[in-house]
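Visitor: Residue numbers for the sequence shown follow the numbering used here, so the first one is 80 and each next one is one higher.
Using N, Cα and C, we set each Cβ at its ideal position, and we do this for glycine too.
Please read all numbers here as calculations on a predicted model, not as lab measurements.
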Amino acid sequence: MRAALATLAVLVLAGCGGSEDAVMPDVVGEQLNIAKSEIDQAGYGGNVDVDGGGIAGIVIESNWQVCEQLPAAGELVTETPRLTVERSCSDEASNQPSDEVTVESADESPSDMDPPTTSTTPEPSETSAGAPVYSGPA
Numbered sequence: 080m081r082a083a084l085a086t087l088a089v090l091v092l093a094g095c096g097g098s099e100d101a102v103m104p105d106v107v108g109e110q111l112n113i114a115k116s117e118i119d120q121a122g123y124g125g126n127v128d129v130d131g132g133g134i135a136g137i138v139i140e141s142n143w144q145v146c147e148q149l150p151a152a153g154e155l156v157t158e159t160p161r162l163t164v165e166r167s168c169s170d171e172a173s174n175q176p177s178d179e180v181t182v183e184s185a186d187e188s189p190s191d192m193d194p195p196t197t198s199t200t201p202e203p204s205e206t207s208a209g210a211p212v213y214s215g216p217a
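In structure tokens:
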């Protein structure tokens with residue numbers, strides 16, 4: 080009887096260690112609620128640390144997007160996963176000037192281009208009453 084209880088205790092404790100075999104999924108860009116679900120489905124059954132959430136904190140998880148994660152995708156989960164969230168992740172690269180160089184074709188001659196527009200004041204014209212009327216914008 081003692082052997083059976085000892086075996087049962089070992090099996091129960093072994094079942095609790097399932098999170099050690101969990102491989103961290105790629106959750107960057109996901110809504111927080113979906114990211115937590117994916118981490119749980121990957122085999123990690125514990126709590127997930129979440130950084131961010133602003134002054135009021137996180138009330139509705141689906142309103143927050145995961146911008147960073149630790150451990151990285153594909154790594155074993157050896158400690159509590161940490162997710163950094165924001166309302167919307169900004170792409171730092173989009174805030175930087177582009178390195179792309181734009182080259183205009185040397186084959187274009189000035190005759191291929193549109194002529195510059197000039198602003199002129201329209202000439203007044205007379206109506207049958209003799210009063211000048213401008214035909215341009217007011």
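Output the residue ranges of the beta strand (DSSP E) runs that lie fully inside the region 105 to 179 and measure 3 residues or longer, sorted by chain position.
Guide: Listed in chain order, the complete beta strand (DSSP E) runs (minimum 3 residues) inside the region 105 to 179 are 128 to 131, 144 to 149, 161 to 165.
Visitor: Find the nearest neighbour of residue 128 within the set 134, 112, 142, judged by alpha-carbon distance.
Guide: For this step, residue 128 is matched to residue 49 along the sequence shown. It is 112 whose Cα lies nearest to the Cα of residue 128.
Visitor: Can you name, in chain order, every residue of its own chain whose Cβ lies under 8 Å from the Cβ of residue 132, other than the five neighbours on each side?
Guide: Stepping through the sequence shown from its first residue, residue 132 is reached at position 53. Correct list, in chain order: 143, 164.
Visitor: Going by alpha carbons, who is nearest to residue 102 out of 168, 147, 117?
Guide: Taking the first residue of the sequence shown as 1, we reach residue 102 at position 23. Checked all of 168, 147, 117; the closest Cα to residue 102 is 117.
Visitor: Measure the C-alpha to C-alpha separation of residue 159 and residue 135 and round it to an integer number of angstroms.
Guide: The sequence position of residue 159 within the sequence shown is 80, counting from 1. The sequence position of residue 135 within the sequence shown is 56, counting from 1. Distance between the alpha carbons of residue 159 and residue 135: 24 Å.
Visitor: Residues in its own chain within less than 6 Å of residue 130 by CB, not counting five upstream and five downstream?
Guide: Translated into the one-based positions of the sequence shown, residue 130 becomes position 51. So the qualifying residues of the chain are 163.
Visitor: My understanding is that residue 145 touches residue 122, with C-beta atoms under 8 Å, so please give their C-beta distance in whole angstroms.
Guide: By 1-based counting over the sequence shown, the position of residue 145 is 66. By 1-based counting over the sequence shown, the position of residue 122 is 43. That pair is no contact at about 18 Å.
Visitor: Rank 155, 161, 166 by C-alpha distance to the C-alpha of residue 139 and give the top, closest one.
Guide: To locate residue 139, count along the sequence shown from 1; it is residue 60. That would be 166, whose Cα lies nearest to the Cα of residue 139.
Visitor: So with Cβ pairs under 8 Å, would you call residue 129 a contact of chain C?
Guide: Protein chain content of the structure displayed is limited to a single chain, and chain C is not contained in it.
Visitor: So which of 161, 106, 153, 147 has the shortest CA-CA distance to residue 169?
Guide: Translated into positions along the sequence shown, residue 169 becomes position 90. Among 161, 106, 153, 147, the Cα nearest to that of residue 169 is on 147.
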